[in-house]
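Asker: Just so we're on the same page, my numbering is the position in the sequence shown counted from 1, plus 1. Shown below is the structure under consideration.
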Amino acid sequence: MTRPRTSVPHTARVAGLPPGLRSTRATRAVLALFDTRSTAALSPAEVQAALERAGEPVNRVTVYRLLDRLVAAGALQRHVDAARISRYGRRATVPQEPPPRLECRNCSRQFALAGTSALQPAIAALREAAAAAGLHDLDVAVRGCCPDCSAAASGEGAA
């Protein structure tokens, strides 16, 4: 028995869907997740957990394959953090350097540093020096302790 054809094929263009990708429930859910968290850098496990919380459970293998397809299609970008965990985030519509980020050495979460104006001159100087040395497509990550972990550590030391 064949399935009846729907009026919109899976390969039809959906807003935000890269060309060549099928419009599956999982694809739409992952793109929607990154649309709501445009500055997030999420691991595959974090993507799967967020989808489950949103009522869109997706198999772990499907999440990995889908993230790789979205990177190949140019919708997401991938980088590897200090703990060697792949993290994914929305790719900018205009090619640019990836935004600098803080990688917390305690909880492994990542935070964008783009809005931190006090760091901008140092980051700009670093990128200029790297460009002068012939290094391009620089990915800046600062490893340290996030505000939540810092507060927890100072609370533990006071007890």
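Ideal Cβ placement from N, Cα and C applies to all residues, glycine included.
Looking at the structure shown, is Glu53 part of a helix, part of a strand, or coil, going by DSSP?
Answerer: Note: Glu53 maps to helix in three-state DSSP.
Asker: Helix, strand or coil: which one does DSSP assign to Arg6?
Answerer: Low local confidence applies: a pLDDT of 39 at Arg6 is under 50, so the model's placement there is unreliable, and no value is given.
Asker: Contact between the stretch 99-109 and the stretch 52-65 is defined here as three or more beta-carbon pairs at a separation below 8 Å; is this criterion met?
Answerer: no
Asker: Kindly indicate which residue of Asp140, Ala125, Tyr89, Leu68 has the alpha-carbon position closest to the one of Thr40.
Answerer: Tyr89
Asker: Under the rule that 16 or more other beta-carbon atoms within 10 Å means buried, what is Arg66, buried or exposed?
Answerer: exposed
Asker: Just mark Glu129 as buried or exposed, buried being the case when its beta carbon has 16 or more other beta carbons within 10 Å.
Answerer: exposed
Asker: Please tell me whether Gln49 and Arg61 are closer than 8 Å, where the distance is taken between their beta carbons.
Answerer: yes
Asker: Could you check what DSSP says for Leu43 in three-state terms: helix, strand or coil?
Answerer: The three-state reading of DSSP puts Leu43 in strand, counting E and B together.
Asker: Give the range of the beta strand (DSSP E) segment to which Leu77 is assigned.
Answerer: Leu77 -> beta strand (DSSP E) spans 77-81.
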